[in-house]
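**Student:** Protein chains in written order, with our numbering: chain A, 1 to 230; chain B, 231 to 460.
Every residue gets a Cβ at the ideal spot worked out from N, C-alpha and C, and that includes glycine.
Dumping the structure here so I can ask a few things about it.
2 protein chains.
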Amino acid sequence: MLASHPIEIGHIVVPARRAPGQAGSGDLAERMRSASIRKLESKEHVFCEGDPRIHVFQVEEGVIAIYKTLSDGRRRIIDFAYPGDLIGLGAGKEHILSAQATCRGKVRCHSAASLEALAESDAGLAIKLYRSVCQELEATRDLLVAVGQRGAVERLASFLLALRRKDAKDPDTVRLAMRRSDIADLLGLTIETVSRTLSKLRAMRVIDVEQGGTTVTLRDIPRLTELSNA
Amino acid sequence: MLASHPIEIGHIVVPARRAPGQAGSGDLAERMRSASIRKLESKEHVFCEGDPRIHVFQVEEGVIAIYKTLSDGRRRIIDFAYPGDLIGLGAGKEHILSAQATCRGKVRCHSAASLEALAESDAGLAIKLYRSVCQELEATRDLLVAVGQRGAVERLASFLLALRRKDAKDPDTVRLAMRRSDIADLLGLTIETVSRTLSKLRAMRVIDVEQGGTTVTLRDIPRLTELSNA
DNA sequence: CGAATGATTGACCCCCTTCAAAAGCGGTGG
DNA sequence: CCACCGCTTTTGAAGGGGGTCAATCATTCG
């Protein structure tokens, strides 16, 4: 039944990761443990639009960009998948989105068919999937709000705060494990504007950029939130 | 359980509407029939951010704008809900989005609690909800791609084509049952740019705008698709 | 019919894009 | 270990598209 519905999820989050207390009979994370691991080089594709949808992948390490290719060849990144996130879930026989590693990483591979078969028979799993997609939807909406913003500062501020929520190790530090071009394709800007805007935010003493531009320290989060206009 | 998960769906589509052959034991549309009707004036709110989430509404007539309010007071429209669409679904105790009629219309009111209780016990219903949210997610992604586009022409073209898919009576005619300001807030543009761009598309012989700007005839759909860059 | 709301069009300005160049970092091989 | 090479980032200057402000026109509704 799931396979008859031509909708792709792209990536969803294992519920147990965000809400650790919820382990139960239909626990996704539990079922994913035994699958095989695939290593990824930077810029390597996990899958592409049109590929047969054989596996569901769970990010183990690194960051995966989920994107659509436009008719003029440009890339529109929909989301970045972080460790714990599931990508490649869906219902069609083919992928309608592409997934590409922004840096080196690993994904755990799982059979798409068997996961979907499980979802059919297990109501608890179905509800977990439902919630996961809700979460994904919520994230996409937030991104939509950010991208709809006029200024580049607003978009970058929103982006940094969103990363902070995801990445969540040091609350004041964000690792940009992707290129400027990835950020640009996510936010609907150019690399130059991304770079310039980060410099501007640094000049405003709101952030600090270190170590080849990959590590950002959030100096003034209240101000950053203000700038994001969320 | 559903109520403990702080995610709002905003609006989802009754599965039976898009896939008519799928009627079954847990049919949403079936359960919605007996609910009460509420009439809406143009610009009237169905619910607002922060309101207690008591009802789930199904649009009967008209168009409802689903939006977020930014800190500076601006509106970011997430989606337009059309007849058949469900709005107000979610899991938090309060709405995190607002819903406002763009024109006169009617909504059918249904108890949120009872629908969610049903979803808990009925696996078939849970899967239907899951698929509905997938559909919603898909639509939001398409909008994200459109809004991420650089030019106003691309955004308007995408918007018109999306409306055509939704509205779907005459395949060459689209009714804009909303103000220019609503379109602007959806696409991240200004009213002036929306107006100018529609005029430009008219000058290009791609569309025709009639009757006070509410009815748009799609003269050259291949061209429009090209312009949308989808 | 008249007031109010919304749509259209014009002029000007700012921000982002585009084009271009230089500098930094990482990786590879000698 | 260092030098070299490619990729990425940063920064600069110029141009264009959309925002802003403002006026006119159309439509709707009381």
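(1) Mind pulling the beta strand (DSSP E) runs of 3 or more residues that sit fully within the stretch 346 to 417 of chain B?
(2) Tell me which residue opens and which closes the alpha helix (DSSP H) that R453(B) is part of.
(3) Apart from the five residues just before and just after T455(B), which ones in its own chain have a Cβ nearer than 7 Å to its Cβ?
(4) State yes or no: is the C-beta of E138(A) within less than 8 Å of the C-beta of S228(A)?
(5) Give a yes or no on whether the minimum CB-CB distance between A460(B) and chain A is below 8 Å.
(6) Using only the alpha-carbon positions, how far apart do A414(B) and T420(B) sit?
(7) At a CB distance below 7 Å, what residues from the stretch 413 to 431 of chain B approach chain A? Give them in sequence order.
(8) Taking Cβ-Cβ distances shorter than 7 Å, what residues in chain B pair up with S71(A)?
(9) Looking at the C-beta of V206(A), does it have a partner C-beta in chain B at a distance below 8 Å?
(10) Specify the secondary structure class of A433(B) as computed by DSSP and reduced to three states.
(11) Does any C-beta atom of chain B lie closer than 8 Å to the C-beta of R76(A)?
(12) Output yes or no for whether 8 Å exceeds the beta carbon distance between T332(B) and R268(B).
(13) I'd like to know if G314(B) contacts chain A, where contact means its C-beta is closer than 8 Å to some C-beta of that chain.
(14) Can you tell me whether A398(B) is buried or exposed? The criterion is at least 16 other CB atoms within 10 Å of its CB, across all chains shown.
(15) Taking only beta-carbon atoms, is A123(A) less than 8 Å away from chain B?
(16) For K399(B), decide whether its Cβ has a neighbour in chain A, counting only Cβ atoms nearer than 8 Å.
(17) Could you give the distance in angstroms between the alpha-carbon of A230(A) and the alpha-carbon of L417(B)?
(18) Does any C-beta atom of chain A lie closer than 8 Å to the C-beta of T332(B)?
(19) Going by DSSP, which residues form a beta bridge with E94(A)?
(20) How big is the Cα-Cα spacing for A65(A) and L374(B)?
(21) If the criterion is Cβ atoms closer than 8 Å, does the pair K106(A) and E60(A) meet it?
(22) Counting only the same chain and skipping the five closest in sequence on each side, list residues whose C-beta sits under 7 Å from that of R175(A).
(23) Please list the residues of the stretch 127 to 147 of chain A that have a C-beta atom closer than 7 Å to any C-beta atom in chain B, keeping them in chain order.
(24) Pull up the DSSP beta-bridge partners for T215(A), would you.
(25) Got a sec: is the Cβ-Cβ distance from A329(B) to anything in chain A below 8 Å?
(26) Cβ of K106(A) less than 8 Å from any chain B Cβ?
(27) At which residues does the beta strand (DSSP E) containing V337(B) begin and terminate?
(28) From the DSSP output, which residues share a beta bridge with D309(B)?
(29) Who are the Cβ neighbours of T423(B) in its own chain at under 8 Å, not counting the five residues just before and after it?
(30) Grab the span of the beta strand (DSSP E) containing D85(A) for me, first residue to last.
(31) For K269(B), list the residues DSSP reports as bridge partners.
(32) Could you tell me whether the Cβ of A347(B) comes closer than 8 Å to any Cβ of chain A?
(33) Please decide whether K298(B) counts as near chain A, where near means a Cβ-Cβ distance under 8 Å.
(34) Out of S42(A), P171(A), F80(A) and E116(A), state which residue places its alpha-carbon closest to the alpha-carbon of T140(A).
**Tutor:** Short version:
(1) 403 to 405
(2) Taking the first residue of the second sequence as position 1, residue 453(B) is located at position 223. Residues I451 to S458.
(3) Sequence index remark: in the second sequence, residue 455(B) carries index 225 (1-based). Same-chain partners within the cutoff: L391.
(4) The residue labelled residue 138(A) in the question sits at position 138 within the first sequence. The residue labelled residue 228(A) in the question sits at position 228 within the first sequence. The answer is no: Cβ separation not under 8 Å.
(5) The count along the second sequence starts at 1 and reaches residue 460(B) at position 230. So, interface residue.
(6) Working through the second sequence from its first residue, we reach residue 414(B) at position 184. Working through the second sequence from its first residue, we reach residue 420(B) at position 190. Cα to Cα, A414(B) sits roughly 5 Å from T420(B).
(7) G418
(8) The sequence position of residue 71(A) within the first sequence is 71, counting from 1. Residues of chain B passing the Cβ test: N459 and A460.
(9) Residue numbering aside, residue 206(A) sits at position 206 when the first sequence is read from its first letter. No, because no Cβ of chain B sits closer than 8 Å to the Cβ of V206(A).
(10) Reading the second sequence from its first residue, position 203 is the one you call residue 433(B). Helix.
(11) Residue 76(A) sits at position 76 when you count from the first residue of the first sequence. So yes, R76(A) belongs to the interface.
(12) Within the second sequence, residue 332(B) is the residue found at index 102, counting from 1. Within the second sequence, residue 268(B) is the residue found at index 38, counting from 1. Not closer than 8 Å, so no.
(13) Here residue 314(B) refers to the residue found at position 84 of the second sequence. Output row for G314(B): interface = no.
(14) Start at 1 with the first residue of the second sequence, and residue 398(B) comes out as number 168. A398(B) comes out exposed.
(15) Sequence index remark: in the first sequence, residue 123(A) carries index 123 (1-based). It does: the Cβ of A123(A) has a partner Cβ on chain B nearer than 8 Å.
(16) The residue labelled residue 399(B) in the question sits at position 169 within the second sequence. No, its Cβ sits nowhere closer than 8 Å to a Cβ of chain A.
(17) If you number the first sequence from 1, residue 230(A) lands on position 230. If you number the second sequence from 1, residue 417(B) lands on position 187. Taking the straight line joining both Cα atoms gives about 17 Å.
(18) Counted from its first residue, the second sequence places residue 332(B) at position 102. Not an interface residue.
(19) Taking the first sequence and counting its residues from 1, one reaches residue 94(A) at position 94. Answer by DSSP bridge pairing, in chain order: P52(A).
(20) In the first sequence, the residue the question calls residue 65(A) occupies position 65. In the second sequence, the residue the question calls residue 374(B) occupies position 144. Roughly 15 Å separates the two Cα atoms.
(21) One-based indexing of the first sequence puts residue 106(A) at position 106. One-based indexing of the first sequence puts residue 60(A) at position 60. In this structure, E60(A) lies closer than 8 Å to K106(A) by Cβ.
(22) The count along the first sequence starts at 1 and reaches residue 175(A) at position 175. Correct list, in chain order: D167, T214 and T215.
(23) I127, L129, Y130, R131, V133, C134, Q135, E136, L137, E138, T140, R141, L143, L144, V145 and V147
(24) Position 215 of the first sequence, counted from the start, is the residue given in the question as residue 215(A). DSSP output for T215(A) lists R175(A) and E210(A) as bridge partner(s).
(25) As a first step, residue 329(B) is located in the second sequence; it is residue number 99 there, counting from the start. Cβ-Cβ to chain A under 8 Å: no for A329(B).
(26) The residue labelled residue 106(A) in the question sits at position 106 within the first sequence. By this cut-off, K106(A) is not an interface position.
(27) Here residue 337(B) refers to the residue found at position 107 of the second sequence. Note, V337(B): beta strand (DSSP E), G335 to S341.
(28) Mapped onto the second sequence, residue 309(B) falls at position 79. Partner(s): I296(B).
(29) Residue numbering aside, residue 423(B) sits at position 193 when the second sequence is read from its first letter. For T423(B), where only same-chain residues beyond five positions count, the Cβ hits under 8 Å are A382 and A414.
(30) Start at 1 with the first residue of the first sequence, and residue 85(A) comes out as number 85. Note, D85(A): beta strand (DSSP E), D85 to I87.
(31) The residue labelled residue 269(B) in the question sits at position 39 within the second sequence. Answer is K336(B).
(32) The residue given as residue 347(B) occupies position 117 in the second sequence. By this cut-off, A347(B) is not an interface position.
(33) Sequence index remark: in the second sequence, residue 298(B) carries index 68 (1-based). Closer than 8 Å to some Cβ of chain A, the Cβ of K298(B) qualifies, so yes.
(34) Taking the first sequence and counting its residues from 1, one reaches residue 140(A) at position 140. The shortest Cα separation from T140(A) among S42(A), P171(A), F80(A) and E116(A) belongs to F80(A).
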